[in-house]
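Working notes, structure below.
Chains as they are written, first to last, in the numbering used here: chain A, 1 to 664; chain B, 665 to 1158.
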């Protein structure tokens, strides 16, 4: 098959699966719904591998499939740009998606919305593939919005629960803010570059760099890049648009793994990497990206420390890791960002699915304070979660180590304004990451078994009704459809960094897909010290980040295994800090009061002024009164209304006669 | 002039429709009682074969006949096919409705055919009097159709109003034509353009004539301040007739505008563009704001028509850019007018679907016309609720439905003509308009049905309405094909 056929197949197979499962969700049996969607995603994965082979051999493709509309000089096309960047994303998306599909069979086994769920996740896979394979901004935006839509639908999957509805509305609204910036960026490009095709826009980037935005006098390229990045901030949950991601955990766990950890939230990272020819031209935008990313990486890590809900810990960890990727983008280490995106996709999906397995074992109790000592009962989940944790914290030789250490090193070597701050943040972040990760690990799998205490505590759970273990009941290992994906994902979480760091980062594997300016090329500086993956790993054992990680781990061990009473005591002593963290730096409160409150006040004004006064008062009631008056008049004068109409016509005629009569 | 037989070939479709109208008249007279469906079948056959004849006789060559009073060009052919198709769809929709109310008689079909013929004559007119004859033929038939339900007070009142005001408008038009004749000495449209180009006409007389002609035209299109009849007639007429009044005549009126203003009076475009722009702006404001306050769907759609026609006029008024060179001019003119044509065609498609849905909901003894009648439609029939949803989204101009592209191309023409303020205004007004379209969607999907009787519409209506909805949806996915057809059709005549 030629590449184009493969690509069409990759996109359409999940769509077809989704359509079958979705349109006939009331009719078809469950086994059919999951087999058809899994088949679709499996085809997409197999085809992606074939495409990967070709692209690995040096082939690229940029083709417009279908012209959707033309408006003046602007064309709206559907097309594919397949190069090493997109093919890597395609592999990540399809493989994680396939694992999540399989996992869902076990996880959602008793859910009434089983078929609908499969339809959604396949639809998501389609949209995400459209996003990464796009060769123009319109299709990018389509994919961008479509993944957002599916995310919205899935966060609110249990739509009878008010908290889920609140969370999906919040995700939707916050993403609108980001999309506004994104649209402004695209609009500026359309206006000044006169095209929405990647290649054409990139070709004109040097011209754009010399222009200023006429109305404001801002450098155009900076305005464009910041606009685009604001979009990325919404989708990839960067401060201050991160608030939706923790709440999105209201959705079923497979979704948290697929959409809110491995793929959709990384769309922003991918987009910025794809736009590297633009971002390279604006140091201001890069610094902006850098500072936002570094702040997110550190502050969100802190929040992970105080969470007690197992999924929320992983969620804050995702936020923090997204911050790392953004830092990499900011220092122009785009390939490092994509590299971390890939390793993170595997180990974070693993951690989420592991957390899901724990949740199944605990009968949908998500509170870590009720767990402990689970390693005895759920051995596979335990081992794989340990692997995920080690990978996340950056233990040498694990996948996360290679990507994260490169980012730290790149931030260290960068000379961009804000790089020192970023270096500080990402370095301290290692300690924080290790602390919250091992805190979670110890609380869940080790220490005293707390689940047999009778449940007098507030539960947060996936299914609402009955949850938690009954007294005397013991957790047991999840079914094979759940643990198999864990095992499969554990493999890349360990080895993928070791094998791919050299080609991806230091042998310019991405080629022309990613463009880095001479002045910003920190990865070449990193490359100078690189002596191979094994060297890097063994050297990592004596490096500062590893020391910080060990400190974090030991502290967690001390506080949660050796002296489990201390955390409560510490929280009491540092009450203001603890309060700040528990309230998530008051972002939610601020948004609720200022933005939601402001919108409500505005709405009230419009309701009073617009609705009540103009529409109800003048138009509806006024109109009714007028009609009443005319009706009254028409009773006196049989044909009152028709005269009135004719009169209006003649008045109109006179008006135009006066208006148009030639002024001599 | 000599007495040679004129070339009938360009007028073959019109002649065919005329003959068939007479056939329907006679057949219905003698066999109407025995074969109740015969008039319907013959009418549909006439419309379809009329379309086929237009298709077969269409070529890029512009043919003039009847002493140059009659023109046959590609633009006209396209519009005639559109009109015939619209009428055929409207007949399909209306049949069961008329049946239930005892109106399914020969008169209706006869009048419909004559109205069609009138529209075709308008489309083919190259002479002011031919245009006028076509217009009167169409209008008189429509007046009679509105009054078809003789015993219904509302319908009779509507017909009366329509007739009286229509007569006034016809008077305006005729008076305007006479003044144009006075100023240029000819009634032939292309000759008027030539006179204006090469001879000095008395400008005062000419402009007076122009204003009167525009007034007559604006009445047919239904824009402020000549719009008063629209809501009353839409509401008062039987829905099947409203469907006809609200669809095909808009196409004919569009051709009339193109032939008269662009074909004949192009050189005074600065004047008529200003008038159209003002009427358009007033219409958009009035139509959208008043529609919000309506409880009756037919009345709401009437105000929506007013605003849509205003939108269409915006494009017609943006053809000529001040200070543009001749080479630019042709491009921008074509762009703007094809945007207007595209808008009209999509509007007709959408209004057919909207009124079709109302007919679908009606049954013997019950006319669905209040907003409440649409409540909970999604539970009574998910498929037709979806069709109406597509229609409403499209009318509101939600991307990526075809109505969005229609609005988009109009806005593009406005911006090209450097009328950015007007474009912003139009967008804001469409935003207000979105409210009442979305309200329909809300009623259909989120409210409990008031009326839970099952839908009884016949298969023909169901199939046609489904096709209509699918076409609207498809046109949103692939708007380019329709747009380029519009540009192509116009390109041959300008």
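All C-beta atoms in this analysis are idealised placements derived from N, C-alpha and C, irrespective of residue type, glycine included.
Residue from the options with nearest C-alpha to residue i
i                       : options              : result
residue 62 of chain A   : A:124, A:133, A:21   : A:133
residue 480 of chain A  : A:106, A:48, A:15    : A:106
residue 537 of chain A  : A:655, A:404, A:27   : A:404
residue 864 of chain B  : B:848, B:1034, B:873 : B:848
residue 517 of chain A  : A:158, A:291, A:333  : A:333
residue 1051 of chain B : B:922, B:970, B:1022 : B:1022
residue 121 of chain A  : A:54, A:57, A:252    : A:252
Where residue i meets chain A, residues with beta-carbon distance less than 7 Å
i                       : result
residue 895 of chain B  : Going along chain A, no residue has its Cβ under 7 Å from residue 895 of chain B, so there is no contact; the nearest lies around 11 Å.
residue 774 of chain B  : Residues of chain A passing the Cβ test: none, with the nearest at roughly 28 Å.
residue 1090 of chain B : Here the premise fails: no neighbours, minimum Cβ distance about 16 Å.
residue 935 of chain B  : 660
Pairwise C-alpha distance: residue j and residue i
i                       : j                       : result
residue 205 of chain A  : residue 1075 of chain B : 28 Å
residue 326 of chain A  : residue 426 of chain A  : 11 Å
residue 520 of chain A  : residue 294 of chain A  : 18 Å
residue 8 of chain A    : residue 88 of chain A   : 17 Å
residue 1107 of chain B : residue 914 of chain B  : 29 Å
residue 420 of chain A  : residue 331 of chain A  : 11 Å
residue 374 of chain A  : residue 432 of chain A  : 24 Å
residue 172 of chain A  : residue 148 of chain A  : 8 Å
residue 1064 of chain B : residue 1140 of chain B : 6 Å
residue 255 of chain A  : residue 923 of chain B  : 60 Å
residue 412 of chain A  : residue 540 of chain A  : 15 Å
residue 477 of chain A  : residue 361 of chain A  : 6 Å
residue 2 of chain A    : residue 502 of chain A  : 30 Å
residue 142 of chain A  : residue 184 of chain A  : 15 Å
residue 395 of chain A  : residue 546 of chain A  : 7 Å
Residues bridged to residue i [DSSP beta-bridge criterion]
i                      : result
residue 802 of chain B : Answer is none; residue 802 of chain B lacks a bridge partner.
residue 928 of chain B : Paired residues: none, contrary to the question.
residue 735 of chain B : B:728
residue 219 of chain A : A:212
residue 773 of chain B : Its beta-bridge partners do not exist; DSSP assigns none.
residue 81 of chain A  : A:62
residue 134 of chain A : A:80
Where residue i falls, given that 16 or more other Cβ within 10 Å makes a residue buried
i                       : result
residue 678 of chain B  : buried
residue 464 of chain A  : Only weak support exists for where residue 464 of chain A lies, its pLDDT of 46 falling under 50; the coordinates are left without a value.
residue 136 of chain A  : buried
residue 34 of chain A   : buried
residue 604 of chain A  : exposed
residue 673 of chain B  : exposed
residue 423 of chain A  : buried
residue 590 of chain A  : exposed
residue 31 of chain A   : exposed
residue 37 of chain A   : buried
residue 792 of chain B  : buried
residue 770 of chain B  : buried
residue 637 of chain A  : Any answer about residue 637 of chain A is weak, because its pLDDT of 38 lies below 50 and its placement is not dependable; what the coordinates show is given next. Counting Cβ neighbours within 10 Å, residue 637 of chain A comes out exposed, since fewer than 16 surround it.
residue 698 of chain B  : exposed
residue 1150 of chain B : buried
Where residue i meets chain B, residues with beta-carbon distance less than 9 Å
i                      : result
residue 646 of chain A : 828, 829, 832, 892
residue 123 of chain A : Simply none; closest approach about 17 Å.
residue 651 of chain A : 889
Closer than 9 Å at the beta carbon, the chain A residues around residue i
i                       : result
residue 1072 of chain B : 69, 71
residue 939 of chain B  : 656, 659, 660
Under 8 Å by beta carbon: chain A residues contacting residue i
i                       : result
residue 705 of chain B  : Under the 8 Å cutoff, chain A gives no residues; its nearest Cβ is about 37 Å from residue 705 of chain B.
residue 879 of chain B  : 649, 652, 653, 656
residue 1144 of chain B : 67, 68, 69, 70
Contact list for residue i against chain B, beta-carbon separation under 8 Å
i                      : result
residue 657 of chain A : 872, 875
residue 642 of chain A : 824, 825, 828, 829
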